[in-house]
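Take 21 as the starting number for the sequence shown in our numbering and just add one per residue. Using N, Cα and C, we set each Cβ at its ideal position, and we do this for glycine too. Quick caveat: nothing in here was measured; it's all calculated off a predicted structure. Everything on this sheet refers to the single structure shown next.
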Amino acid sequence: MLSSANDKKALRAHFQKVRQETFSPEKCCRIAKRLLVLPETAKADCVLLYASFGSEIPTDTIAGELLDAGKTVAYPRTGEGGIMTFHVITDLSQLILSPSGKFSIREPDISLPQPEISGNTLCVLPGLAFTEKGGRLGYGGGFYDRFIADNPAMHLAALAFEAQITDTLPLLPHDIFTDTIITEERTVICNER
């Protein structure tokens with residue numbers, strides 16, 4: 021029998037392939053529109069987005085819409101010891117490729133201000149797979165799990181293709197559950213957190 025770590029590694033590879041095969045601009049557009057009309061998006065004073073790469077649901081258009089609506093938008097920056105901080109941007113040009121980043125993801129400069137996190141903050145999560153109860157399979161670094169554990173008041177919304185929803189995942193006690201999953205077909209309200 022495989023260990024949990026090996027199970028997760030195999031699942032990550034499987035769902036990475038599923039996501040790549042499922043990716044389409046039309047589906048991404050439907051997901052973005054669903055996020056933008058989500059009640060938690062409307063009431064949020066700050067939205068934490070991820071800088072998409074590869075076959076992740078793109079967030080640039082979402083950021084542009086949010087900035088045009090006067091929302092505070094912040095992006096993550098990873099640091100030493102598995103710590104992730106968010107920094108406020110006013111324009112997407114403030115995201116630059118970080119040569120030290122594991123995946124060469126665009127990040128904000130560390131000198132940009134950090135947002136004030138509150139119950140009116142919406143954190144948009146990336147991920148490889150999700151359960152309908154809100155379980156999330158990330159990339160294995162634990163950055164979001166640690167950040168959310170330190171900021172539990174935020175509303176969490178994950179962006180995913182319908183094909184990334186699965187019945188079960190090998191989750192650990194420290195794994196964070198999302199409140200909402202938005203796919204091209206539906207918005208799933210999760211009640212595990």
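Give the C-beta separation of residue i and residue j to the nearest angstrom, bearing in mind that I take them to be a contact with Cβ-Cβ under 8 Å.
i	j	result
threonine 27	proline 190	For the record, residue 27 in the displayed sequence is aspartate; it is not threonine. Between proline 190 and aspartate 27 the Cβ distance is about 5 Å, and since that is below 8 Å, they are a contact.
phenylalanine 197	isoleucine 125	That belief does not hold up - the Cβ atoms of phenylalanine 197 and isoleucine 125 are roughly 24 Å apart, past 8 Å.
histidine 107	leucine 86	That belief does not hold up - the Cβ atoms of histidine 107 and leucine 86 are roughly 15 Å apart, past 8 Å.
Could you tell me which residues DSSP pairs with residue i in its beta bridges?
i	result
methionine 174	Methionine 174 pairs with nothing; no bridge assigned.
proline 128	Leu115
leucine 142	Val67, His175
phenylalanine 150	Arg156, Ile185
Consult DSSP for residue i and reduce its assignment to one of helix, strand or coil.
i	result
isoleucine 209	strand
glutamine 36	helix
alanine 167	Sequence inspection shows phenylalanine at residue 167; the alanine mentioned does not correspond to that position. Three-state result, phenylalanine 167: helix.
alanine 183	helix
threonine 200	strand
leucine 157	strand
lysine 28	helix
aspartate 195	coil
threonine 136	The amino acid occupying residue 136 in the given sequence is glutamate; threonine does not appear at that position. The answer is coil: DSSP assigns glutamate 136 none of H, G, I, E or B.
glycine 162	coil
Do residue j and residue i have their beta-carbon atoms positioned less than 7 Å apart in this structure?
i	j	result
threonine 207	glutamate 182	no
cysteine 66	threonine 92	yes
isoleucine 209	alanine 178	no
phenylalanine 35	alanine 169	no
leucine 176	leucine 157	no
leucine 68	alanine 52	no
leucine 142	glutamate 60	yes
proline 128	leucine 112	no
alanine 173	glycine 139	yes
cysteine 48	proline 78	yes
glycine 102	glycine 162	yes
isoleucine 137	asparagine 171	yes
If you measure from the beta carbon of residue i to each beta carbon in chain B, is any gap under 7 Å?
i	result
threonine 61	Among the protein chains of the structure shown there is no chain B, as only one such chain exists.
Check whether the Cβ of residue i sits closer than 6 Å to any heavy atom of the ligand ZN, and report yes or no.
i	result
proline 128	Summarising the ligand content, the structure contains no ligands, and the ligand ZN is consequently not present.
As an exercise, report each continuous beta strand (DSSP E) stretch of at least 3 residues that is fully enclosed by the segment 86 to 120, in chain order. 92 to 98, 104 to 109, 115 to 117
For a minimum of 3 consecutive residues, which ranges assigned as the beta strand (DSSP E) are wholly contained in the segment 50 to 78? 66 to 68
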